[in-house]
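In what follows, a structure is listed as structure tokens, so that the remarks can point back to it.
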Amino acid sequence: MTVATPPEIQSAVPRLQPSGWIRYFSFSVDHKVIGLQYLVCGFAFYLVGGALAGAIRTELASPVSDFMARDVYNQVLTLHGTVMIFLWIVPVVNGAFGNYLIPFYVGARDMAFPRLNAVAFWLIPPAGLMLISSYFLTGAAQSGWTAYPPLSITTPAAGQVIWILSVLLLGGSSIFGGINFIATILKLRRPGLKLMQLPMYCWAMLGTSILVVLSTPVLAGTLVLLSFDIVAHTGFFNPGLGGNVVVYQHLFWFYSHPAVYIMVLPAFGLVSEILPVHARKPLFGYVTMVYSIMAIVGLGLIVWAHHMFTSGTPPWMRLFFTIATAFIAVPTGIKFFNWLATIWGGRINLNSAMLFSCGFIVNFVLGGITGVALAQVPFDIHVHDTYFVVAHFHYIVFGGSVFVVFASVYHWYPKFTGRMLHEGLGRLHCALTFIGFNLCFGPQHWLGLNGMPRRVAEYDPQFTLINQISSVGALLMAVSTLPFLWNVVQSAISGPLAGDNPWNALTPEWLTTSPPPVENWVGEAPLVEEPYGYGVPIDQLDLAATSGRDLWSSGK
Amino acid sequence: MQIPSAIVTLILGMVLVLGGLWIGQTINLLPVGASANAPIYDELFQVLFTIGAILFIGIVGLLVFSLIRFRRRNDQLGDGIAIEGNLPLEIFWTAVPAVVILFVGLYSYDIYDRMGGMVPLGHEGMAHHAMADNGDERIWGGLSSKAVDGEAMPLPVEVTAMQFAFLFHYPEGDITAGELHVPANRPVTLRMEAKDVIHAFWVPEFRIKQDVIPGQPTQLSFTATRPGSYPIVCAELCGPYHGGMRSTVVVDEPEVWEAWFSSNAKSDDSTTT
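One line per chain: the protein sequences are A and B, in this order.
Sequential numbering from 916 applies to the first sequence in the numbering used here.
Sequential numbering from 114 applies to the second sequence in the numbering used here.
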């Protein structure tokens, strides 16, 4: 090392990480960069999954199998499910917003394990590309995202093995992320910040990460055994060799039911952040919200067999899982009533973030009601594995999680980029998505009740009209993406400047510049003890300036 | 004069409940019912649909009302009112759903019991027919016919599912058929097993479904009540032609079925030859 360094190099801050746009394609350890990497990468896969959904709805526009070959159809539905779950919703509601927001919320400069965080993200693109390329190279898996044996053992092996490998990679990514979130939330809080002062999204991510860490390894183990059955001809799940196919279902759903909560709990957390800001009121019932998240986590682990009511399950088991499942409606209901109470009496700004959040409430309530119905064994025996179930879970994961993802993009875009999105385009996006979604999935309840099973390329001609209506809804949903894409790209270049805190919000991510600097704050992190301290206390209401209606709604 | 909000709430609640009951009574989303299970199922569906309609309309109504009533007007700059919670309210909306859930759970248990779901499987019909060696075989899941009180002996049928067809075998007459023929108003017990992958036996008009699992025999009992032809649908993804794996169940009047049965039965017990 030379001692005499030129003065201009001396003055430059040494950068170990790339800066500028290139950092989004690098192994950056900045949690904000990683969060946006998750978000954009997830959205790219969403477009792929959406194209696959378009192929499915095109095939189903007519009752005969005429758009693609039957085995291709099964590949497409398998890829659609896998891409949407493992490459879009799970990475985005956990990885994207979790990484971006959690360090802010706990008052940290980064996640607990920044390098593990980058590893977790960089497992996703190769896994996703491998999964999608399997369609072109060997033919993709065609046994559905559930990969039930013996079907998954008897369909072409190459596609199934690639499917298993990529799901293992994505599960690994998810576990790394979960460990990181737990460590960050519990151990990296700013001194003085108590657990019960954290924004609700932290609690949602803590609960979600507990589920991830407890249940994802079970899926990984199961899929490894399944791959042994395929490659090495072992007999874990092969009835011809003494295996048991129902055991696979138990193990699979032990992960895959909690996976539903891994997809919706973070969404619950995000909505809890968005509603108070735009309704200008504190989050109603903070403590019960926290307890209900933890109750959902606990109950979510003991309900898996409700996916198997028509499988080889004894009567007592069917009964136990009915009651456990239905009871999840209680903590979930608490959350919804609390959100309604949050906006009651507020000064609601009806912007895109708010409208998407309300769309989420409407859709999720319907999905929750059909969920309680499906939990009842006698009800489920008729509609299990039909389009009723397809409608139900799309109301949960699309009507629920995806609506919240869009609400969150509208809410945090000013923070991500420093620029505002176009409000009119946002509302157009919201209206098109809401109408298209309900047109697509609402009628599917009827299809299932009346005899159309899921995962079919051909169906009874009496269902043609309703399927065509559903396909029109899918087309509307595809169209609804266009104003969003235009808005996001155009606003990033020439949207109006947002300033640091355009929503006048109190949570810590708004108490820094937009976009925030590396390590989040210049100087010490702020101590936010009341993240939801909005609103005017009742006794301080200026009586001269308020109407009688305000007083009435305040209950005074 | 301002009407007190308690009275407004009470009236709205009553309208909501009555509206939900009306919706549950008048809107029928289900196909025609053709088995003894169907009316029991439809009763449960009506209760769930009524409760669901009340909840959905109530919550969405409250949401839409809030959005309109509490929207920010242009001249409003301040915040809403700082209400951070309300314990009695929280207790109320924890307790009420819990009670409703408990009621629905108990009610659906009763329905399931009436459909034959809670009777131990595999101790009927099949046991004393045809396969003495298989009499004690474990049945892994399904519906029993014990609850459907039968003075009539259940008709045993063996169902074999394979890619991509159902095969029906009547051990009593040694008939093998591609369509299921059953008499009306007599219990039928299907003993089902798959040859290759998992399938599911579903008759929408009977409101019953049971997976057909390789290596694990399952059982499904029903009593058809309405003569006619109904589709049998495979409801578990079983391969490329899954959507085409369908068959028909023909419900006949007992004497018509008797004629069909005796004209097809193999005459091994020398009654016809």
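Note that beta-carbon positions come from the ideal geometry of N, C-alpha and C, so glycine has one too.
Item                                                                                                                                  : Value
Neighbour list for A:Thr-1225 in chain B, Cβ cutoff strictly below 7 Å                                                                : Ala-313, Lys-322, Gln-323 and Asp-324
Inter-residue Cα distance where the pair is A:Glu-974 and B:Tyr-354                                                                   : 14 Å
Minimum length 3: unbroken beta strand (DSSP E) runs contained in the stretch 292 to 359 of chain B                                   : 293 to 296, 300 to 307, 312 to 316, 321 to 325, 331 to 336 and 341 to 347
CB contact check: B:Asp-188 to chain A, cutoff 8 Å                                                                                    : no
For B:Ala-278, the three-state DSSP class (helix, strand or coil)                                                                     : strand
A:Leu-967 classed as buried or exposed, judged by whether at least 16 other C-beta atoms fall within 10 angstroms                     : buried
Exposure of A:Val-1312, with buried meaning 16 or more beta-carbon neighbours within 10 Å                                             : buried
B:Ala-290: first and last residue of the uninterrupted beta strand (DSSP E) it sits in                                                : 288 to 290
Segment contact, 8 Å Cβ cut-off, at least three pairs: the stretch 1319 to 1333 of chain A with the stretch 1269 to 1282 of chain A   : yes
Closer than 8 Å to chain A by CB, B:Asp-365                                                                                           : no
Near-chain A residues of the stretch 203 to 215 of chain B - C-beta to any C-beta below 8 Å                                           : Glu-203, Trp-206, Thr-207, Pro-210, Ala-211 and Ile-214
Proximity test, Cβ basis, 8 Å: B:Glu-292 and chain A                                                                                  : no
Cβ neighbour criterion (16 or more within 10 Å) applied to B:Gln-138                                                                  : exposed
Per-residue burial, B:Glu-318 [other beta carbons within 10 Å of its own, 16 or more giving buried]                                   : buried
Spatial neighbours of A:Gly-969 in its chain, beta-carbon cut-off 7 Å, leaving aside the 5 residues before and after                  : Ala-1389 and Ala-1393
Completely contained alpha helix (DSSP H) runs for the stretch 978 to 1045 of chain A, where each covers 4 or more residues           : 985 to 997, 1012 to 1021 and 1029 to 1037
As assigned by DSSP and simplified to three states, the class of A:Pro-1430                                                           : coil
Closer than 8 Å to chain B by CB, A:Cys-1273                                                                                          : yes
Min CB distance B:Ile-116 to chain A below 8 Å                                                                                        : no
Integer Cβ distance of A:Phe-1199 from B:Gly-198, believed to fall under 8 Å                                                          : 6 Å
Cα-Cα separation, A:Ala-984 to A:Gln-1383                                                                                             : 20 Å
Coarse secondary structure for A:Leu-1412, derived from DSSP in three states                                                          : strand
Closest by C-alpha distance to A:Phe-1169, when choosing among A:Gln-1291, A:Val-1205, A:Pro-1132 and A:Gln-1057                      : A:Pro-1132
Interfacial residues, the stretch 985 to 1016 of chain A to chain E, with Cβ spacing under 7 Å                                        : Reference to chain E is not applicable here, since the protein chains of this structure are A and B.
Residues that DSSP places opposite B:Gly-255 in a beta bridge                                                                         : B:Gln-332
Straight-line Cα distance separating B:Pro-367 from A:Ala-1055                                                                        : 50 Å
Assigned exposure category for B:Gln-323 - 16 Cβ within 10 Å defines buried                                                           : buried
Buried versus exposed, by CB contacts within 10 Å (16 or more), A:Lys-1250                                                            : buried
Straight-line Cα distance separating B:Cys-347 from A:Asp-1375                                                                        : 13 Å
Short-range partners of chain B found in the stretch 1075 to 1090 of chain A, where Cβ spacing is below 8 Å                           : none
Closest by C-alpha distance to A:Ala-894, when choosing among A:Glu-1338, A:Tyr-1206 and A:His-1309                                   : Nothing can be reported for residue 894 of chain A: it is not among the residues displayed for chain A, which extend from 916 to 1471.
Contacts around A:Leu-1340, its chain only, beta-carbon distance under 8 Å, and the 5 residues preceding and following it disregarded : Pro-1398, Phe-1399, Trp-1401 and Asn-1402
With 16 other Cβ atoms within 10 Å as the buried cut-off, status of A:Asp-981                                                         : exposed
Sheet register partners of B:Leu-268 (DSSP bridge)                                                                                    : B:Val-301
A:Trp-1361 versus A:Leu-1343, A:Ile-1381 and A:Cys-1345, residue with shortest Cα-Cα distance                                         : A:Ile-1381
is_contact[B:Cys-271, chain A] using C-beta, thresh 8 Å                                                                               : Per the sequence presented here, residue 271 of chain B reads as Glu, with Cys not at that position. No, no contact with chain A.
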